[in-house]
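To start, the structure itself, in structure tokens.
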Amino acid sequence: MTDQDGALSAQLDAAGGALPVLWICGAPGSGKSAVAWELFCSRDDEQVAHVDIDQLKMLAPGPSDPFDLAVANLASIVDVHRDLGTQALIVCGVIDPDQLPVLEAGVAGKAVVTWCCVDADDDTLGRRIRERGWPEELVDMVLADAHAWRTAPLAARIDTSATTPADAARTADTLLALRPTATGQASLRVEPGDSSDLVVIYGPRAVGKSTISWGLFMDCAGSGEPTGYLDADQLGFIHADGVVRDELIQRAVVSLRQNFADAGAVRTIVNGNLTPPLIATLRGSRARLVHLDAPRDVLADRITARTGGNSARLAGDDLKGANSHSQAAVLAHALRQRGEYAAVALPVYAVDVSGADPDEHVRTLRDSLARNRAGSFSEPPRRVSTTASVA
1375 MTDQDGALSA QLDAAGGALP VLWICGAPGS GKSAVAWELF CSRDDEQVAH VDIDQLKMLA
1435 PGPSDPFDLA VANLASIVDV HRDLGTQALI VCGVIDPDQL PVLEAGVAGK AVVTWCCVDA
1495 DDDTLGRRIR ERGWPEELVD MVLADAHAWR TAPLAARIDT SATTPADAAR TADTLLALRP
1555 TATGQASLRV EPGDSSDLVV IYGPRAVGKS TISWGLFMDC AGSGEPTGYL DADQLGFIHA
1615 DGVVRDELIQ RAVVSLRQNF ADAGAVRTIV NGNLTPPLIA TLRGSRARLV HLDAPRDVLA
1675 DRITARTGGN SARLAGDDLK GANSHSQAAV LAHALRQRGE YAAVALPVYA VDVSGADPDE
1735 HVRTLRDSLA RNRAGSFSEP PRRVSTTASV A
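According to my numbering, numbering within the sequence shown proceeds without interruption in unit steps and concludes at 1765.
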């Protein structure tokens, strides 16, 4: 055991069940997201979880500085993982060096944070940022950010200038502490309280959940209605069985929805690949359900289209650059989901998204939301065509 390992073990013992958190930080282009994801994937034999802090602060219009919201939401995520028996949490995302003490204070007594900065030389950082198509003035800002990180007091640093994310992750792995495995039984249960301001958008793989849910979020925010946004898949990264993942998502969504509401949100929109039991549990908290669907040929075309493009790759994206075999596997999964969702016996707002511009579906959902300030949809629930209005 190294001196650092011994010190961390002592901190965990003193904190009495605190969650070990390894935070991969650094300037844009340093490789923090790639390294964090590689590390998470390599720990698939332990109940280790992953979250990007950027996913925890999407509220608009909201505070001019969303950092306080991110701290509150991170504390809620830590609480959920502690209750679930998660052995360690890997975190990445955009923060500033001077925010480290505030983040540590926000999870004090709940988590023990180890900071690991990934970095690259200025030439490499500049090249990576230019390859993203960012303007030159942002390159200068990134280099200034990198210089600030190089003077921050951190536990470890990893140079990614001439190494792969997998190699860097193996180095970071030596910093990841684990607490003992939990022995409890995970179970879904309806959380107390009213979540009628929660809009849950679900559907099979590649149906357009992210496009439509994000469009709805931007439309609501653009209209001056404070709205939170959550990607359930990004909250659900954990090496555990499906029941644990469902409970993680359900409890995280309910907790973060409350934090958004406390910050002034009138609704929170969440989308993701949700299981029927999870959907039913969220509905039990009075969440409003939106079921998007499209036939097989449309899903197949969209899966193929998703393999290309220049959009940023989110953690867990298995379609960008996918070969024909992988595409076929995703389509098979999507078709299984279609069958499962069709059997959900719940009041849902169902939308066939096979033939219209996503903006049209956003307008339809937005018009229905406008009729009820609590965030619900017009009743009775019905299947909406691509051109029908909601009465």
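Glycine included, each C-beta is placed from N, C-alpha and C at the ideal position.
For this session: Reducing DSSP to helix, strand and coil, say where ASN1697 ends up.
Result: Position 323 of the sequence shown, counted from the first residue, corresponds to residue 1697. Here ASN1697 sits in coil by DSSP.
Exercise. My guess is that ASP1675 and VAL1727 are in contact by the Cβ rule of under 8 Å, so how many angstroms apart are they, rounded?
Worked result: Numbered from its first residue, the sequence shown carries residue 1675 at position 301. Numbered from its first residue, the sequence shown carries residue 1727 at position 353. Between VAL1727 and ASP1675 the Cβ distance is about 13 Å, and since that is not below 8 Å, they are no contact.
Exercise. In angstroms, rounded to a whole number, what distance separates the CA positions of LEU1705 and ALA1479?
Worked result: Within the sequence shown, residue 1705 is the residue found at index 331, counting from 1. Within the sequence shown, residue 1479 is the residue found at index 105, counting from 1. Using only the alpha carbons, I get a separation of about 45 Å.
Problem set entry | DSSP three-state assignment for ARG1745, whether helix, strand or coil | Taking the sequence shown and counting its residues from 1, one reaches residue 1745 at position 371. The answer is coil: DSSP assigns ARG1745 none of H, G, I, E or B.
Exercise. Can you tell me whether DSSP reads HIS1784 as helix, strand or coil?
Worked result: Limits of the chain in this structure are 1375 at one end and 1765 at the other, which puts residue 1784 out of reach.
Problem set entry | Runs of beta strand (DSSP E) lying entirely within the segment 1551 to 1627, each at least 3 residues, in chain order | 1572 to 1576, 1601 to 1605
For this session: With DSSP collapsed to three states, give me the class of TRP1508.
Result: Against the sequence shown, residue 1508 aligns to sequence position 134. Here TRP1508 sits in coil by DSSP.
For this session: For my contact list, ARG1662 and VAL1574 are in at a C-beta cut-off of 8 Å; report their separation, rounded to the angstrom.
Result: As a working note, residue 1662 is residue 288 in the sequence shown. As a working note, residue 1574 is residue 200 in the sequence shown. Their Cβ separation, rounded to whole angstroms, is 7 Å, which keeps ARG1662 and VAL1574 in contact under 8 Å.
Exercise. Out of VAL1486, VAL1445, TYR1723, LEU1549, which has the shortest C-alpha to C-alpha gap to GLY1577?
Worked result: Along the sequence shown, one-based indexing puts residue 1577 at 203. It is TYR1723.
Exercise. Cα separation between ILE1398 and SER1535?
Worked result: Translated into positions along the sequence shown, residue 1398 becomes position 24. Translated into positions along the sequence shown, residue 1535 becomes position 161. Distance between the alpha carbons of ILE1398 and SER1535 is about 16 Å.
Exercise. What are the start and end residues of each continuous beta strand (DSSP E) run of 3 or more residues lying completely inside the segment 1479 to 1528, in chain order?
Worked result: Within the segment 1479 to 1528, the complete beta strand (DSSP E) runs of at least 3 residues fall at 1485 to 1493.
Exercise. Going by alpha carbons, who is nearest to SER1587 out of ASP1692, ALA1462, LEU1550, PRO1732?
Worked result: What you label residue 1587 is simply residue 213 of the sequence shown in a count that begins at 1. Residue PRO1732 is the option with its Cα nearest to SER1587.
Exercise. Looking at the structure shown, is ILE1469 part of a helix, part of a strand, or coil, going by DSSP?
Worked result: Mapped onto the sequence shown, residue 1469 falls at position 95. In the structure shown, ILE1469 sits in coil (DSSP, three-state: anything other than H, G, I, E or B).
Problem set entry | Exposed unless 16 or more other CB atoms sit within 10 angstroms - verdict on ALA1765 | Locating residue 1765 in the sequence shown gives position 391, counting from the first residue. A caution first: ALA1765 carries a pLDDT of 23, below 50, which makes its placement in the model too unreliable to give a value.
For this session: Please list, in chain order, all residues of the same chain as LEU1609 whose beta carbon is under 6 Å from its beta carbon, the five residues on each side excluded.
Result: For the purposes of this step, residue 1609 is taken as the residue at position 235 of the sequence shown. ILE1623, ALA1626.
Exercise. Hey, LEU1549 and ALA1529 are a contact pair by Cβ (cut 8 Å); roughly how many whole angstroms apart?
Worked result: Residue numbering aside, residue 1549 sits at position 175 when the sequence shown is read from its first letter. Residue numbering aside, residue 1529 sits at position 155 when the sequence shown is read from its first letter. Yes, LEU1549 and ALA1529 are in contact; Cβ-Cβ is about 7 Å, under 8 Å.
For this session: Report the three-state DSSP secondary structure of ASN1647 (helix, strand or coil).
Result: Mapped onto the sequence shown, residue 1647 falls at position 273. Coil at ASN1647, not helix or strand.
For this session: Please name the residue in ARG1745, PHE1441, VAL1422, ALA1543 whose C-alpha comes closest to that of GLN1360.
Result: Here the chain has residues from 1375 to 1765 only, and residue 1360 is not among them.
Exercise. Got a sec, what are the start and stop residues for the alpha helix (DSSP H) VAL1445 sits in?
Worked result: Here the question's residue 1445 lines up with position 71 in the sequence shown. Note, VAL1445: alpha helix (DSSP H), 1441 to 1458.
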